[in-house]
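The working numbering puts the first residue of the sequence shown at 1, with every later residue one more than the last. Ideal Cβ positions, reconstructed from N, Cα and C, are used throughout, including at glycine. Bear in mind that the values here come from a model prediction, so they are computed numbers and not experimental data. Here is the structure we will look at.
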Amino acid sequence: MTFADNILAFISKLQFPVSLPEGIEVMTPFDNAATIEACNAFYRKYYNDSLQRHMIIGINPGRFGGGVTGIPFTDPIRLQQDCGIANDWAKKQELSSLFIYDMIAAFGGATAFYRQFYITAVSPLGFTRAGKNLNYYDDKILQREIKPFVIDCLQKQFSFGISRGTAFCLGDGKNFAFLSALNKEQQFFETIVPLPHPRFIMQYRLKTKPDYINQYVQKLKATNP
1 MTFADNILAF
11 ISKLQFPVSL
21 PEGIEVMTPF
31 DNAATIEACN
41 AFYRKYYNDS
51 LQRHMIIGIN
61 PGRFGGGVTG
71 IPFTDPIRLQ
81 QDCGIANDWA
91 KKQELSSLFI
101 YDMIAAFGGA
111 TAFYRQFYIT
121 AVSPLGFTRA
131 GKNLNYYDDK
141 ILQREIKPFV
151 IDCLQKQFSF
161 GISRGTAFCL
171 GDGKNFAFLS
181 ALNKEQQFFE
191 TIVPLPHPRF
201 IMQYRLKTKP
211 DYINQYVQKL
221 KATNP
């Protein structure tokens, strides 16, 4: 099986295994036929091989990016303009997706980037509360309850062809703290390198965005093949 085959088999079976705390709902974009079609087109375009890749781990999908397209940090705009995959979704912008694709362009483009890296999340399924995005670590009960799901998902994704040397964490605060503690317990990776979260950069450090892009590219390119 190719890397793409493994990804597509994984997402086709994704289900959240436990009851959520009251008021929290899970986003399951992979129940949508258009999302599965987009994922097939994307992963077969960039991952139709058996190369080893480094894992980049975000928090959980948001409503306007991966929560729609099924592809982490890829909103419908970037999916069409940067990846060349036409879609009929409303072209709503996700700030994190904008940063990631500007960074990918600086890295050398989508083909070069995705040959070396695979983006996922601590939770591959997203969460909402009162119709708004919810990060898993912003609810203590949710954070505790998802731990077995997180471990299971990561272990399944390692079989795709993931390097167990260096991984990257998007979010150098709570997401990095959770992932670091989990890694200390499970020994998933030799090293996890934290990176400032794209949304934090776009909301609070927009004027220095080029500096952050340069930081990302330097750290990613310093990783051993």
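Can you tell me whether DSSP reads residue i as helix, strand or coil?
i    : result
R309 : Nothing can be reported for residue 309: it is not among the residues displayed for the chain, which extend from 1 to 225.
F160 : coil
Y47  : coil
V217 : helix
F16  : coil
F189 : coil
A86  : coil
R53  : strand
I71  : coil
T223 : coil
Comparing alpha-carbon positions, which option in the options lies nearest residue i?
i    : options                  : result
Y118 : I162, E94, V68 and A181  : I162
K92  : F189, Q15 and G66        : G66
Y46  : N183, L8, L134 and A4    : A4
G126 : D49, T166, I59 and D82   : I59
D31  : E22, G23 and K13         : K13
R205 : T223, S96, L220 and D49  : S96
Q155 : R129, S50, R78 and L182  : L182
P194 : M27, A33 and I57         : I57
T223 : D152, A167 and F200      : A167
F42  : P148, A130, K221 and R78 : R78
Whole angstroms is fine: what's the gap from residue i's alpha carbon to residue j's?
i    : j    : result
I192 : Q186 : 13 Å
L98  : P29  : 20 Å
H54  : S159 : 12 Å
D139 : I7   : 28 Å
P198 : Y212 : 9 Å
R44  : I100 : 20 Å
R63  : F10  : 20 Å
Q143 : T74  : 24 Å
F188 : N214 : 27 Å
D172 : M1   : 34 Å
K184 : I201 : 28 Å
S19  : G108 : 42 Å
L179 : I151 : 10 Å
F176 : I146 : 16 Å
K219 : K174 : 20 Å
Y216 : G84  : 24 Å
Could you tell me which residues DSSP puts in a beta bridge with residue i?
i    : result
Y204 : For Y204, which the question treats as bridged, DSSP gives no partner whatsoever.
K132 : R129
I7   : Note: I7 sits in no beta bridge, so no partner.
V26  : F127
P194 : C169
A121 : G58
Validate contact between the region 30-50 and the region 70-89 using beta carbons, cut 8 Å, 3 pairs
Taking a contact to require three or more Cβ pairs closer than 8 Å, the region 30-50 and the region 70-89 qualify as touching.
Any chance the region 89-108 sits against the region 121-139, with 3 or more Cβ pairs inside 8 Å?
no
Would the region 131-138 and the region 103-112 be scored as touching if the rule is three or more Cβ pairs under 8 Å?
no
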